[in-house]
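Here is the structure we will look at.
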Amino acid sequence: MSESTSSDATARGCHIACIMDGNGRWAERQGLERIAGHTAGEEALADIVRAASARGVGWLTVFGFSTENWIRPRREVRHILNLHKKLFGRLEELNENNVQVRWIGRPFDERGSRTPRYVQRRIRQAISDTAGNTGMVLTVAFDYGSRAEIARAIRKASQFGEVTPTTISAHMYAPDLPPVDVLVRTSGELRISNFLLWQIQDAKVYFTPKTWPEFDADELDAAIALI
Ligand code: FPP
Numbered sequence: 008m009s010e011s012t013s014s015d016a017t018a019r020g021c022h023i024a025c026i027m028d029g030n031g032r033w034a035e036r037q038g039l040e041r042i043a044g045h046t047a048g049e050e051a052l053a054d055i056v057r058a059a060s061a062r063g064v065g066w067l068t069v070f071g072f073s074t075e076n077w078i079r080p081r082r083e084v085r086h087i088l089n090l091h092k093k094l095f096g097r098l099e100e101l102n103e104n105n106v107q108v109r110w111i112g113r114p115f116d117e118r119g120s121r122t123p124r125y126v127q128r129r130i131r132q133a134i135s136d137t138a139g140n141t142g143m144v145l146t147v148a149f150d151y152g153s154r155a156e157i158a159r160a161i162r163k164a165s166q167f168g169e170v171t172p173t174t175i176s177a178h179m180y181a182p183d184l185p186p187v188d189v190l191v192r193t194s195g196e197l198r199i200s201n202f203l204l205w206q207i208q209d210a211k212v213y214f215t216p217k218t219w220p221e222f223d224a225d226e227l228d229a230a231i232a233l234i
């Protein structure tokens, strides 16, 4: 499969957001434990980061862990947290691809934040070690919920003055995150699940029956083709 295709011109600078669903189902189909599906999902994500960056995608935002995911079995949560550590630790690869890492989610110092310190450290490290990169911006949503993000933005906007779409936008977790061009959801689920509700206002949506570990560069091209 080629790393660069005719979709390059369309892809340039665009914002793709992914709800990476179906890891558990993928694993079950292979006769593996669910957590093996998350491991495969992290590897699929690393491949998609490379492919998206090669196509000139400007912004890739992925739903790594929702505020609702904490209720999953402890072992599964620990495994997913370790995979975030792994992803944020892929610094050589990220730097080679000129990828800048960012994070959105419940601020670590906010009441209710449950992000362990070792994950916080990895996130901060990855952000600072890739801050000089000028290529694709990879934003990982971790301990993220969109309604909480919007409620917080409205609260902040009202503290400082008028509440308008512009002032709300200015108080989102990442105010410079551009509108999403295509929202991808894998594994045949036709739902948005509280992801980037503010930013997908005018997005195309790419639903695919493939599970996230099966989501490859051809799938990415099909999503980009919707733009
Ligand atoms: C949905 O699969 C996926 C998640 C809850 C977590 C997403 C995590 C990864 C893709 C791992 C790597 C990503 C990062 C950012 C390190 P599911 O378990 O809900 O699948 P199912 O619907 O088949 O049960």
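Quick note on our numbering: the sequence shown kicks off at 8 and runs consecutively. Ideal placement from N, C-alpha and C gives every residue a C-beta, glycine not left out. Please read these numbers as outputs of a predicted model, since none were measured by experiment.
No Cβ-Cβ contact shorter than 8 Å links Q132 with F72.
Taking C-beta atoms as the reference points, I175 and A164 count as a pair closer than 8 Å. For the pair S153 and L204, the CB atoms are nearer than the 8 Å cut-off.
Distances between the C-beta of D188 and the heavy atoms of the ligand FPP are all 7 Å or more. Annotation: G20 to S200 spans about 25 Å, alpha carbon to alpha carbon.
Here P220 is buried. Its C-beta has 16 or more other C-beta atoms within 10 Å.
Per DSSP, T171 lies in no beta strand (DSSP E) and is assigned neither H nor E. Note that the segment 179–192 touches the segment 105–115; at least 3 beta-carbon pairs, one per stretch, sit closer than 8 Å. Excluding residues up to 5 positions away in sequence, P186 lie with their Cβ nearer than 7 Å to the Cβ of Q208 in the same chain. Just measuring C-alpha positions, the residue of R62, M27, A177, V126 sitting nearest T46 is M27.
The Cβ atoms of V69 and V126 lie no closer than 8 Å to each other. For the ligand FPP, a non-hydrogen atom lies closer than 7 Å to the CB of W219. With a cut-off of 7 Å, the C-beta of M143 is classified as distant from the ligand FPP, since no heavy atom of the ligand falls inside that distance. D150 sits buried, since 16 or more C-beta atoms from the chains shown fall within 10 Å of its C-beta. Contact between L145 and V56 holds, with the beta-carbon distance rounding to 6 Å and staying under 8 Å.
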